[in-house]
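Note that the working numbering numbers the sequence shown so that position 48 is 48, with each residue one more than the last. Input: a single structure, listed below in structure tokens.
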Amino acid sequence: MIMGGDIRVGFENNHVNHQGTLALSNAEQVANIADTAKLLGLGILDANHFRQLLTA
1 MIMGGDIRVG FENNHVNHQG TLALSNAEQV ANIADTAKLL GLGILDANHF
51 RQLLTA
């Protein structure tokens with residue numbers, strides 16, 4: 001993330017959370033990575049902005 005890369009989050013990629021235990025849901029994983037991005041001072045795209053980037 002810090003180098004400008006995109007990330008994927010969710011059960012289709014990883015069933016384990018950042019603490020090494022089974023993640024409860026995709027929502028838990030998304031919340032964890034969003035918190036990390038905020039701590040790093042990085043923005044998070046909403047769905048509409050992301051769609052615009054895909055079609056640009």
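Each residue gets a CB set at the ideal place from its N, CA and C atoms; glycine is no exception.
Item	Value
Backbone CA spacing between Leu59 and Ile44 [nearest angstrom]	In the structure as shown, the chain starts at 1 and stops at 56, and residue 59 therefore has no counterpart that could be examined.
Spatially closest choice to Asp46 from Asn26, Ala34, Glu28 and Ala56, by CA coordinates	Ala34
Per DSSP, the bridge partner or partners of Val30	The partner list for Val30 (beta bridge, DSSP) is empty, contrary to what the question assumes.
Supposed close pair Val30, Leu22 - CB separation, criterion 8 Å	Wrong, their Cβ atoms sit about 16 Å apart, outside the cutoff.
Identity of the residue in Asn32, Thr36 and Asn48 nearest Ile2 by Cα	Thr36
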